[in-house]
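The numbering of the sequence shown is full-length UniProt numbering, which starts it at 1 and goes up by one.
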Amino acid sequence: MTTNVNEFEEPFLADEQIQCDSIISSQTSSKLPSPLDSLKISSTEVLEKITERTPYGKSTVAHAKIIAPDDVEIISYSQMSKIENPGRTLLLFPGPNSKTLQEIPRSSFDKLLVVDGTWRQASNMARTNPELKNIRKVTINPQKTLFWRYQNKDEYHLATIEALYYFLKEYNEVYEIPEETIHSDVSGYDGRYDNLLWYFKYFYEFIQTTYRKQKGKKNFTTRQRE
1 MTTNVNEFEE PFLADEQIQC DSIISSQTSS KLPSPLDSLK ISSTEVLEKI
51 TERTPYGKST VAHAKIIAPD DVEIISYSQM SKIENPGRTL LLFPGPNSKT
101 LQEIPRSSFD KLLVVDGTWR QASNMARTNP ELKNIRKVTI NPQKTLFWRY
151 QNKDEYHLAT IEALYYFLKE YNEVYEIPEE TIHSDVSGYD GRYDNLLWYF
201 KYFYEFIQTT YRKQKGKKNF TTRQRE
């Protein structure tokens, strides 16, 4: 996958926009510093103006589909049939047989699969599904999650959209930068995939701000950075 989300001047809201269960407030006037501030993510002001209360799904995979609709396909597990060209597909999942991108020739794959679900569900699918268990697995460097929903795992277990973002960041560093430096003075990752975290950044900041305003109550999760 070679999606460049910075092709969008600002991520857009589609009809099937990600929904939230308690949106939105006057967040801009009292926004606290965020660990995501250093990324090149477009302003989320358009989301902060939404006022209606609507259902919100737990999964973050829809963020990628809305932001990069031409490059992302969502397939439900029950509808997944035989994978086309499995030899040219990678499955993003950690494990003893997983390789890093540095160990995988760029010319050997065209598609990335990311299993979405709880960590227990994802592990079960990757281990038992006959289509998935025989696909080459790729892993990324350990990264700390900022996902706000509690999970009985350590802080290095990422949300789906975080995992996809860090994969694409490494993809750029391993394959794209070396090729681009031949014709320019490119020296490192330039933030081209940061907008994949546009919705994620908004929800993270909204939830942290909301819970910090509730005096006498704990933060939403203790796994947040100072």
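All residues carry an ideal CB built from backbone N, CA and C; glycine is no exception. Just so it is clear, the structure is predicted and the values come from calculations on it, not from any experiment.
Based on the DSSP output, what are the partners of T89 in its beta bridges?
-> On the sequence shown, residue 89 is found 89 positions in, with the first residue counted as 1. DSSP, once it has assigned bridges, lists K111 as partnering T89.
Can you name, in chain order, every residue of its own chain whose Cβ lies under 7 Å from the Cβ of E173, other than the five neighbours on each side?
-> Counted from its first residue, the sequence shown places residue 173 at position 173. Y189.
How should N195 be labelled, buried or exposed, when 16 other C-beta atoms within 10 angstroms of its C-beta is the threshold for buried?
-> Position 195 of the sequence shown holds residue 195. Burial call: buried.
Whole-angstrom distance between N129 and S43, CA atom to CA atom = Reading the sequence shown from its first residue, position 43 is the one you call residue 43. Reading the sequence shown from its first residue, position 129 is the one you call residue 129. Rounded to the nearest angstrom, the gap between the Cα atoms of S43 and N129 is 40 Å.
Report yes if the C-beta distance between I140 and Y166 is below 8 Å; otherwise report no.
-> Stepping through the sequence shown from its first residue, residue 140 is reached at position 140. Stepping through the sequence shown from its first residue, residue 166 is reached at position 166. Their beta carbons are under 8 Å apart, which means I140 touches Y166 by this criterion.
Selected residue, minimal CA-CA separation from A62, among S78, E84, G117 and N97 = As a working mapping, residue 62 is identified with position 62 in the sequence shown. Closest by alpha carbon: G117.
My guess is that I135 and P86 are in contact by the Cβ rule of under 8 Å, so how many angstroms apart are they, rounded?
-> Here the question's residue 135 lines up with position 135 in the sequence shown. Here the question's residue 86 lines up with position 86 in the sequence shown. That belief holds up - the Cβ atoms of I135 and P86 are roughly 5 Å apart, short of 8 Å.
Spatially closest choice to K133 from L168, E179 and L91, by CA coordinates | As a position in the sequence shown, residue 133 is number 133, starting the count at 1. K133 has its Cα closest to that of L91, out of L168, E179 and L91.
What whole-angstrom Cβ distance do L197 and I41 have, given they're in contact under 8 Å?
-> Along the sequence shown, read from residue 1 onward, the residue named residue 197 stands at position 197. Along the sequence shown, read from residue 1 onward, the residue named residue 41 stands at position 41. Confirmed, Cβ separation roughly 6 Å.
Residue ranges of each beta strand (DSSP E) run of no fewer than 3 residues wholly in the segment 111-167, ordered along the chain?
-> DSSP runs (the beta strand (DSSP E)) wholly in the segment 111-167: 111-114 and 136-138.
With a CB to CB cut of under 8 Å and the five nearest residues on each side skipped, what residues in its chain are close to W119?
-> Numbered from 1 along the sequence shown, position 119 holds the residue referred to as residue 119. Q151, K153 and H157, listed in sequence order.
Buried versus exposed, by CB contacts within 10 Å (16 or more), residue 227 = Given a span of 1 to 226 for the chain in the structure shown, any question on residue 227 remains unanswerable.
Neighbourhood of L164 by C-beta distance below 7 Å, restricted to the same chain and skipping five residues each side = Position 164 of the sequence shown holds residue 164. Excluding residues within five positions, the ones whose Cβ falls inside 7 Å are A64, V114 and L196.
Would you say Y156 reaches chain C, if we count a Cβ-Cβ gap shorter than 8 Å as a contact?
-> No chain C appears in the structure shown, which is made up of a single protein chain.
Can you tell me whether DSSP reads K169 as helix, strand or coil?
-> The residue given as residue 169 occupies position 169 in the sequence shown. If DSSP states are grouped into helix, strand and coil, K169 belongs with the helices.
Based on Cα-Cα distance, which residue from K169, P96 and R149 lies nearest to Y56?
-> For this step, residue 56 is matched to residue 56 along the sequence shown. Distances from the alpha-carbon of Y56 to those of K169, P96 and R149 put R149 closest.
Within 8 Å, strictly: CB atoms of I161 and T89 | Here residue 161 refers to the residue found at position 161 of the sequence shown. Here residue 89 refers to the residue found at position 89 of the sequence shown. No, they are not a contact pair.
On the three-state DSSP scale, how would you describe K49?
-> For the purposes of this step, residue 49 is taken as the residue at position 49 of the sequence shown. For K49, the secondary structure class from DSSP, reduced to helix, strand or coil, is coil.
Assigned exposure category for E205 - 16 Cβ within 10 Å defines buried = Counting from 1 along the sequence shown, the entry for residue 205 is found at position 205. Counting every other CB atom within 10 Å of its CB across the protein chains shown gives E205 a total of 16 or more, marking it as buried.
Can you tell me whether DSSP reads K65 as helix, strand or coil?
-> Taking the sequence shown and counting its residues from 1, the one referred to as residue 65 is at position 65. Looking at K65 - three-state DSSP - the assignment turns out to be helix.
Should E84 go down as buried or exposed, given a rule of 16 or more other Cβ atoms within 10 Å for buried?
-> Here residue 84 refers to the residue found at position 84 of the sequence shown. Residue environment for E84: exposed (fewer than 16 other C-beta atoms within 10 angstroms of its C-beta).
Does the Cβ of L101 have 16 or more other Cβ atoms within 10 Å, making it buried, or fewer, making it exposed?
-> Here residue 101 is taken as the residue at index 101 of the sequence shown, counted from 1. Counting every other CB atom within 10 Å of its CB across the protein chains shown gives L101 a total of 16 or more, marking it as buried.
By how many angstroms is the C-alpha of Y211 removed from the C-alpha of S81?
-> Within the sequence shown, residue 81 is the residue found at index 81, counting from 1. Within the sequence shown, residue 211 is the residue found at index 211, counting from 1. Whole-angstrom Cα-Cα distance: 42 Å.
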